[in-house]
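Written out below as structure tokens is the structure these notes cover.
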Amino acid sequence: MRLALDEAARAGARGEVPVGAVLVCAGEPLAVNGNRTRELADPTAHAEMLVIRAAAAALGSDRLPDCDLYVTLEPCTMCAGAIAWSRLRRVYYGAADPKGGAIESGVRFFAQPTCHHRPDIYGGLGEVEAGELLRKFFAGLR
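For the sequence shown, this note's numbering begins at -13 and goes up steadily by one.
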């Protein structure tokens, strides 16, 4: 989670919402990135999406069943869908997102009967630091 928090801080410094993600396979970080929606003019360039794409390309597979995702903010519905489709084993996230989160907030994507893959979920890792990065970023916009 430390790598994800550091990447979130870098995203915030670039003017992006400070969210960072790391995709770990076989105990090693395979992909690390932060939000880049503004930089890439791409609404799908969430940190989670970027690391899933990079890991899939590196492994040459659309399935990542032996990989774990660490992300500083509870994933949204789009990212939860990508997590399910890529068959990630575990998701560790920092701060809950009552407005946009889709794992333990909002739609609770993995609890839906139509969800075909449910990773193990662990929330609250680095929650205080992740939340503080977000609070400072949004306070600076006001």
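From the three backbone atoms N, C-alpha and C, an ideal C-beta is built for every residue, glycine too.
Determine the DSSP secondary structure at ARG73, reduced to helix, strand or coil.
-> Counting from one through the sequence shown, the residue named residue 73 turns up at place 87. It is coil, neither helix nor strand.
Exercise for review: Could you work out which residue in ALA81, ASP54, LEU119, GLY126 is closest to CYS11 when comparing CA atoms only?
Suggested key: What you label residue 11 is simply residue 25 of the sequence shown in a count that begins at 1. Per the Cα distances, ASP54.
Do LEU127 and THR58 have their C-beta atoms within less than 9 Å of each other?
The residue labelled residue 127 in the question sits at position 141 within the sequence shown. The residue labelled residue 58 in the question sits at position 72 within the sequence shown. Cβ atoms of LEU127 and THR58: not closer than 9 Å.
For THR161, which of helix, strand or coil comes out of DSSP? What is shown of the chain runs -13 to 128, which leaves residue 161 out entirely.
Residues that DSSP places opposite GLU118 in a beta bridge:
Your numbering for residue 118 matches position 132 in the sequence shown. DSSP lists no partner for GLU118.
* Asked: From PRO4, VAL37, ARG22, ILE69, pick the residue whose C-alpha is nearest to that of ASP88; which is it?
  -> Here residue 88 refers to the residue found at position 102 of the sequence shown. Just to set this straight, residue 88 is Ala in the shown sequence, not Asp. Considering only alpha carbons, the answer is ILE69.
From this set, ALA(-6), VAL3, GLN98, which residue's C-alpha is nearest GLY67's C-alpha?
-> For the purposes of this step, residue 67 is taken as residue 81 along the sequence shown, with counting starting at 1. Residue GLN98 is the option with its Cα nearest to GLY67.
| With 16 as the cutoff for other CB atoms within 10 Å, does ALA41 come out buried or exposed? | For the purposes of this step, residue 41 is taken as the residue at position 55 of the sequence shown. The residue in question, ALA41, is buried, as its Cβ has 16 or more Cβ neighbours within 10 Å.
Strand pairing of ASP106, partner residues [DSSP]
Position 120 of the sequence shown, counted from the first residue, corresponds to residue 106. In the DSSP output, where bridge partners are listed per residue, ASP106 has ARG76.
Practice item. Measure the alpha-carbon distance for GLU147 versus TYR79 and round it to whole angstroms. Key: What the structure shows of the chain is the stretch from -13 to 128, and residue 147 is not part of that stretch, so it cannot be assessed.
- Task: Below 8 Å on the Cβ atoms is my guess for PRO4 versus ALA(-10); work out the distance and round it to an integer in Å.
- Result: For this step, residue 4 is matched to residue 18 along the sequence shown. For this step, residue -10 is matched to residue 4 along the sequence shown. Their Cβ separation, rounded to whole angstroms, is 11 Å, which puts PRO4 and ALA(-10) out of contact at 8 Å.
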